[in-house]
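Numbering (the UniProt record's numbering), first residue to last: 1 to 691. Glycine included, every Cβ here is placed at the ideal spot set by N, Cα and C. From a predicted model like this one, the values you see are computed outputs, not experimental measurements. Inspection log for the structure reproduced underneath, given as structure tokens.
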Amino acid sequence: MSDYLVIVESPAKAKTIERYLGKKYKVKASMGHVRDLPKSQIGVNVESDFEPKYITIRGKGPVLKELKTAAKKAKKVYLAADPDREGEAIAWHLANTLELDVHSDCRVVFNEITKDAIQESFKHPRAINMDLVDAQQARRVLDRLVGYKISPILWKKVKKGLSAGRVQSVALRLVIDREKEIKEFLPEEYWKIDADFLKGNEKFEGAFYGVGGKRTELHSEEDVKQVTNSIKGSKFTVANVTKKERKRNPAVPFITSTLQQEAARKLNFRAKKTMMIAQQLYEGMDLGKDGTIGLITYMRTDSTRISETAQNEAAGYIQETYGKEFLAQDKKAEKKNAKSQDAHEAIRPTSTLRDPGSLKEFLSRDQLRLYKLIWERFVASQMAPAILDTMSVDLENNGVLFRSTGSKIKFSGFMKVYVEGNDDQVEEKDRMLPDLKEGDRVVSKDIEPSQHFTQPPPRYTEARLVRTLEELGIGRPSTYAPTLDTIQKRGYVALDNKRFIPTELGEIVLELVMEFFPEIINVEFTVDMENSLDEVEDGKMQWVSIIREFYKEFEKRIIRAENEMESVEIKDEPAGVDCELCSNPMVFKMGRYGKFMACSNFPDCRNTKPIVKDIGVTCPKCEKGNIVERKSKKRRIFYGCDQYPECDFLSWDKPIARNCPKCDHMLVEKKLKKGVQVQCINCDYKESQQK
């Protein structure tokens, strides 16, 4: 018999922790939550001060029976669920189910699953923090009231399977508002003038800056002609040279939202995938003879704080690997976000000494890529700033100014390990200028005006939407991934080229919610509610009072919606073709992955077809069919024969309507980082890259 029983959420975590605690401890997993509100009913007694009705989750009976048996045999039971509100709630539910005293020192928390952290945490057990539990209960009850009161109305008035929630409705509103901005955007014309310059044999680039020493914008071709007509000859004089030394500081270590954003940018991971892999790295990986070890700290956090122990270990590694000059001179006090709970450290490797290269044989490709991202970001955050030499040169001809800028990395600093990705800018690279001084003469070559138009704001990617929700103070680290997943599963949005576009259904639902429940999609309301939940966690407010205040107005809105909301019929749009199985008209329908064609005689006829686009190219394989553009379930465009399944030709690159002049095989357009290149699928023939 074991003296002590430790209960965690997952078997992987249990396996890792049991190694560190010794033979006196038995570690078992609850497999997540054991109790929750019932799915079949609202589960909240509004008349009795919103008392929640918890029941054992279906399927958890055998798990609880095993835990109860083990608890009776143990001298003491420790509850070691995750160190956040939800983990505290799981511990509280377990304590109630196993009849433990919630005021006893039965709760153990740790931010990382390493031997030292685990053993230290068991020296300091504490009582269950009821403020944390109440904050989680408040969120759960609030979301249940919103979901189970509004959703049945949407089912009745629109269609079954719909839902509305505080955070998901705001996220949907952001996507739809952005789409409206794009549709209403009026592009404005503007022009640029670029030029190549020569000083001796050295070539460098410059761009028009202004006239008479003042910055001048070019709005039309007429403006451009006035500038170019003012230029006399090809010789320009160096009017001004500015040289500066600029420091670039490293990014702070990851928090949940920035990890999701960077994994999307650099690894092409969806938020849900990022959190799933991060959970695996946190709970522990089998490292062969070293056993199972947790590789990163807890991945649901909004704090950039780093422990002194971790800083010192990183400093030793940096000094030994890269040299003392690469070590940050000062330990900067991280700025704490006003909305940050600061409950945990930032996301970092549990040991800097476990570099990614040493883990290759133990991790899957995606696990290694995410670990490498976390490891590099943390190590870089502890390194010295990069130093760049910058140079700006003004070139003048008859009052017309062109400006050329260049920079050179003088000292790479943290950039030797990692450079943060950015949605809007390219990474900093050396762009050298010749050695110029005031009064020097240079010669202009190829002065080229180009017409441009202002672009609408971009649609949200997952990374951009997470960043916006975080900046607005909506949701918390644990809510971002499930929120994005929900609005896609409900069919409210679809991903097109990795960017969110609202569906007709999403627009209808949001319009109804805005009319009858405006506070649900109000950003300020949602932010205030998050702040109130934080106050419950801090023991400054009672959770029931928050729900009571919210429900006063909400109940009135529910009654009004039930009586006044009109039914909405989502009509299917005719596709203009007949079903080849039953001859009834085909219609366009909206599914989880966007629009598709379906027979109007459903359910008697269940024929469905993807929407395809003929690109005017004959199939090179069967020479009978035409190549059509299709979309995979992940919204990725590919090209196939319209005679499928008889012909299985497929290409991720777009075929074009001419053959290779070298071998007479098909040519395709290959997308590159900076344009498109026509290539042969059979030989090495390539054409010049097009922007």
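Cα-Cα separation between residue i and residue j, rounded to whole angstroms
{"i": "L373", "j": "E179", "result": "32 Å"}
{"i": "A117", "j": "F110", "result": "6 Å"}
{"i": "E553", "j": "K160", "result": "26 Å"}
{"i": "P356", "j": "L370", "result": "10 Å"}
{"i": "G32", "j": "S121", "result": "21 Å"}
{"i": "D572", "j": "L154", "result": "19 Å"}
{"i": "P11", "j": "S358", "result": "25 Å"}
{"i": "Y685", "j": "Q679", "result": "6 Å"}
{"i": "T321", "j": "A263", "result": "26 Å"}
{"i": "A333", "j": "A89", "result": "Since pLDDT at A333 reaches only 45, below the 50 mark, its modelled position is unreliable, and the value read off the structure follows with that caveat. Going by the C-alpha atoms only, they are around 32 Å apart."}
{"i": "R140", "j": "G616", "result": "54 Å"}
{"i": "I255", "j": "P349", "result": "13 Å"}
{"i": "S340", "j": "P477", "result": "For S340, the predicted structure reports a pLDDT of 46, less than 50, and the residue's modelled location is therefore unreliable. A value from the coordinates is still provided. So the two alpha carbons sit approximately 10 Å from each other."}
{"i": "L132", "j": "V676", "result": "54 Å"}
{"i": "K336", "j": "N312", "result": "A caution first: K336 carries a pLDDT of 47, below 50, which makes its placement in the model too unreliable to give a value."}
{"i": "V426", "j": "A127", "result": "Because V426 sits at a pLDDT of 43, beneath the cut-off of 50, its placement in the model cannot be relied upon, and the point is left open."}
{"i": "S444", "j": "K225", "result": "17 Å"}
{"i": "D440", "j": "S392", "result": "14 Å"}
{"i": "A171", "j": "D194", "result": "41 Å"}
{"i": "V108", "j": "W92", "result": "12 Å"}
{"i": "Q168", "j": "T503", "result": "15 Å"}
{"i": "V77", "j": "E99", "result": "11 Å"}
{"i": "M220", "j": "W191", "result": "The residue you asked about is not Met; residue 220 is Ser in the sequence shown. Each residue's Cα considered, the two are about 7 Å apart."}
{"i": "K416", "j": "K65", "result": "54 Å"}
Beta-ladder partner(s) of residue i, from DSSP
{"i": "L401", "result": "G210, E396"}
{"i": "E573", "result": "F588"}
{"i": "R215", "result": "G210"}
{"i": "A598", "result": "V587, T608"}
{"i": "V241", "result": "V393"}
{"i": "H452", "result": "Y190"}
{"i": "I409", "result": "L388"}
{"i": "R126", "result": "R107"}
{"i": "V6", "result": "V27, Y78"}
Cβ distance (whole Å) where residue i is taken to contact residue j below 8 Å
{"i": "T557", "j": "F516", "result": "Residue identity differs from the one stated: residue 557 is Arg in this sequence, not Thr. Yes, they are in contact, since the Cβ atoms of R557 and F516 sit about 6 Å apart, within 8 Å."}
{"i": "G43", "j": "P52", "result": "6 Å"}
{"i": "V6", "j": "V34", "result": "In fact, because the Cβ distance is near 15 Å, the residues do not count as touching under 8 Å."}
{"i": "C647", "j": "K621", "result": "6 Å"}
{"i": "V238", "j": "K437", "result": "7 Å"}
{"i": "residue 695", "j": "L259", "result": "The chain is shown from 1 up to 691; residue 695 falls before or after that span and cannot be answered."}
Other residues of its chain near residue i: CB distance less than 8 Å, five sequence neighbours each side excluded
{"i": "N563", "result": "none"}
{"i": "K157", "result": "L512, M565, E566, S567, V568"}
{"i": "A135", "result": "R85, L533, D534, V536, E537, W543"}
{"i": "M597", "result": "A575, V577, M586, V587, F588, K589, T608, K609, P610, I611"}
{"i": "E181", "result": "P456, P457"}
{"i": "S307", "result": "E345"}
{"i": "G147", "result": "S163, A164, G165"}
{"i": "E351", "result": "The sequence given here places Ser at residue 351; Glu does not occur at that position. Closer than 8 Å at the Cβ level, and outside the excluded window around S351, lie T114, E313."}
{"i": "E530", "result": "K339, G473, I474, G475, R476"}
{"i": "I57", "result": "H33, V34, R35, D36"}
{"i": "E325", "result": "A384, F411"}
{"i": "K232", "result": "N397, N398"}
{"i": "S407", "result": "R246, L388, D389, T390, M391, E428, D430, R431"}
{"i": "Y480", "result": "T256, S257, Q260, A271, V466, L469, E470"}
Close Cβ partners of residue i (< 6 Å) along its chain, the five nearest in sequence each way excluded
{"i": "A164", "result": "I150, V513"}
{"i": "T292", "result": "K15, T16, G284, D286"}
{"i": "K244", "result": "T390"}
{"i": "D446", "result": "D196"}
{"i": "K13", "result": "E283"}
{"i": "N682", "result": "C663, H665"}
{"i": "P518", "result": "none"}
Residue closest to residue i, alpha-carbon to alpha-carbon, out of the options
{"i": "N45", "options": "E88, P253, S351, Y551", "result": "Y551"}
{"i": "V227", "options": "K595, R560, E396, D604", "result": "E396"}
{"i": "residue 711", "options": "M275, N201, Q329", "result": "There is no way to answer for residue 711, as the model of the chain reaches only from 1 to 691."}
{"i": "E18", "options": "S48, D82, I113, T258", "result": "I113"}
{"i": "R246", "options": "N626, V252, A386", "result": "A386"}
{"i": "A95", "options": "D177, V8, Y639", "result": "V8"}
{"i": "Q451", "options": "E222, Q41, Q261", "result": "E222"}
{"i": "R499", "options": "K416, R459, L581", "result": "R459"}
{"i": "V628", "options": "K654, R636, C605, K671", "result": "K654"}
{"i": "E188", "options": "L218, G206, C579", "result": "L218"}
Contacting residues, own chain, Cβ-Cβ under 7 Å from residue i (five flanking each side not counted)
{"i": "D143", "result": "G165, R166"}
{"i": "D485", "result": "K272"}
{"i": "K624", "result": "Q643"}
Distance cut-off 7 Å: residue i Cβ against heavy atoms of the ligand HEM
{"i": "G491", "result": "This structure lacks the ligand HEM; in fact it carries no ligand of any kind."}
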